[in-house]
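Data block below; observations after.
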Amino acid sequence: MSNTHGVLYVVATPIGNLADFTHRAQAVLEKVQVIAAEDTRHSRHLLTHFGINTPLQALHEHNERQATETLLNRLQAGESVALISDAGTPLISDPGRLLIETAHNARIQVVPIPGASALISALSVAGLSADKFVFAGFLPAKSNARQQQLQTLLSETRTLVFYEAPHRIVECITDMVQCFGEQRVGTLCKELTKLFETIYRDNLQGLLTWLTAEAERQKGEFVIVLQGAEPIDTQQLTAETERTMRILLTELPLKQAAKLASEITGVSKNTLYAWGLAQRA
């Protein structure tokens with residue numbers, strides 16, 4: 001790695017509470033020659049608050065290729081660059097991957113400056129397993145496409161994490177109820193670190209009921225943390241048990257079929273429910 005090259009810093013910014021902006025992050029933003037930002041107008045407000053006057057360069061999905069070329073030239077000329085997003089840790093559902101990939105390919109040093117992350121913050125308070133998880137980011141805006149993507153996650157046993165916008169949160173949770181069932185446990189993390197931060201945990205039907213009870217609850221940026229599917233114990237599921245479930249499912253909703261089949265076979269209703277969900281995938 002050449003010493004004549006600059007350094008690309010990947011800098012986390014606050015997701016709400018400005019007190020979460022680390023001293024190291026501020027020092028880096030002050031010393032670099034340019035800051036690559038998703039929305040320069042938004043980022044300028046943050047920098048002004050902390051008295052940082054470093055020039056900004058826009059880098060977003062519409063100019064990423066051109067901006068990357070410009071920034072790479074500056075890095076190769078010996079200047080250092082900081083990459084930030086509108087809020088939180090860059091590249092978590094934000095642009096910038098091309099710049100980092102290109103910098104690595106050019107043997108330019110890439111340095112993380114850690115800090116706030118809505119993803120990790122939500123996992124830490126959700127009360128669900130954080131040992132293994134799948135970050136699915138933003139789901140598609142259209143219901144059909146959203147349901148198709150959710151279907152691919154039906155049998156995923158790891159904790160699932162999603163981002164969602166306020167104008168789609170009710171439709172998103174409604175689709176999750178349809179795909180995963182009413183009883184799957186989840187945690188809604190709303191406006192993390194901000195004045196109206198709310199953490200609410202319940203099963204999916206409970207989350208939907210809570211959201212629709214008051215319009216105010218649907219405002220703000222959301223992180224949804226969802227319990228993974230219960231592993232299916234295939235040793236319990238004999239051919240006769242599966243046959244029983246299939247017969248019951250021709251007449252009953254999955255929840256009722258699993259409960260009745262459990263009484264008939266002695267197999268856990270949760271195992272039968274998970275098996276039923278897997279059949280839909």
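Heads up, the sequence shown is in my numbering, so the first residue is 1 and it goes up one at a time.
Built from N, CA and C at the ideal position, the CB exists for glycine as well.
Go ahead and pull the three-state DSSP assignment for G78. The residue labelled residue 78 in the question sits at position 78 within the sequence shown. Three-state DSSP puts G78 in coil, outside helix and strand.
Comparing alpha-carbon positions, which option in A77, D202, R168, E171 lies nearest Q33? Here residue 33 refers to the residue found at position 33 of the sequence shown. That would be A77, whose Cα lies nearest to the Cα of Q33.
Three or more C-beta pairs closer than 8 Å, one from the region 112 to 120 and one from the region 171 to 184: is that the case here? Three or more Cβ pairs closer than 8 Å define a contact, and the region 112 to 120 falls short of that threshold against the region 171 to 184.
In this structure, what does DSSP give as the bridge partners for P112? Within the sequence shown, numbered from 1, the residue matching residue 112 stands at position 112. Its beta-bridge partners are V10.
With L249 as the anchor, note down where its alpha helix (DSSP H) starts and where it stops. Here residue 249 corresponds to residue number 249 of the sequence shown, with the count starting at 1. L249: member of the alpha helix (DSSP H) spanning 239 to 249, first to last residue.
Does the count of Cβ pairs from the region 46 to 60 and the region 121 to 128 closer than 8 Å reach three? no
Are S129 and A278 close, meaning C-beta to C-beta below 8 Å? Walking along the sequence shown from the start, residue 129 turns up at place 129. Walking along the sequence shown from the start, residue 278 turns up at place 278. Cβ distance not < 8 Å, so S129 and A278 don't count as in contact.
Under 8 Å Cβ to Cβ from V170, same chain only, skipping five residues before and after it: list those, please. Taking the first residue of the sequence shown as position 1, residue 170 is located at position 170. So the qualifying residues of the chain are L208, L211, T212, Q218.
Look at the alpha carbon of V177 and the alpha carbon of L83, and state the distance between them as a whole number of angstroms. Reading the sequence shown from its first residue, position 177 is the one you call residue 177. Reading the sequence shown from its first residue, position 83 is the one you call residue 83. V177 and L83: Cα-Cα distance of roughly 38 Å.
For the beta strand (DSSP E) containing K132, list its first residue and its last residue. Locating residue 132 in the sequence shown gives position 132, counting from the first residue. Unbroken run through K132: none, as it is neither H nor E.
Tell me whether the beta-carbon of M245 lies closer than 8 Å to the beta-carbon of G266. Counting from one through the sequence shown, the residue named residue 245 turns up at place 245. Counting from one through the sequence shown, the residue named residue 266 turns up at place 266. For M245 and G266, no; Cβs fall outside 8 Å.
Outcome for D131 when other beta-carbon atoms lying within 10 angstroms are tallied against a minimum of 16: For the purposes of this step, residue 131 is taken as the residue at position 131 of the sequence shown. The residue in question, D131, is exposed, as its Cβ has fewer than 16 Cβ neighbours within 10 Å.
Going by DSSP, what residues sit across from F222 in a beta bridge? On the sequence shown, residue 222 is found 222 positions in, with the first residue counted as 1. Its beta-bridge partners are E164, K190.
Starting from R184 and walking both ways along the beta strand (DSSP E), at which residues does that stretch end? Numbered from 1 along the sequence shown, position 184 holds the residue referred to as residue 184. Careful: R184 lies outside any beta strand (DSSP E) and carries neither H nor E.
Alpha carbon to alpha carbon, how far is A261 from L192? Stepping through the sequence shown from its first residue, residue 261 is reached at position 261. Stepping through the sequence shown from its first residue, residue 192 is reached at position 192. The straight-line gap from Cα to Cα measures roughly 42 Å.
The beta strand (DSSP E) that contains N105, what's its start and end? What you label residue 105 is simply residue 105 of the sequence shown in a count that begins at 1. It is not in any beta strand (DSSP E) - N105 instead sits in the alpha helix (DSSP H) that spans 97 to 105.
Note the first and the last residue of the continuous alpha helix (DSSP H) segment covering Q57. Residue 57 sits at position 57 when you count from the first residue of the sequence shown. Not the alpha helix (DSSP H): Q57 falls in the beta strand (DSSP E), residues 56 to 58.
From A58 to S85, what distance separates their C-alpha atoms? As a first step, residue 58 is located in the sequence shown; it is residue number 58 there, counting from the start. As a first step, residue 85 is located in the sequence shown; it is residue number 85 there, counting from the start. Taking the straight line joining both Cα atoms gives about 10 Å.
Under the three-state DSSP convention, the category F180 falls into: One-based indexing of the sequence shown puts residue 180 at position 180. Of the three classes helix, strand and coil, the one that applies to F180 here is helix, per DSSP.
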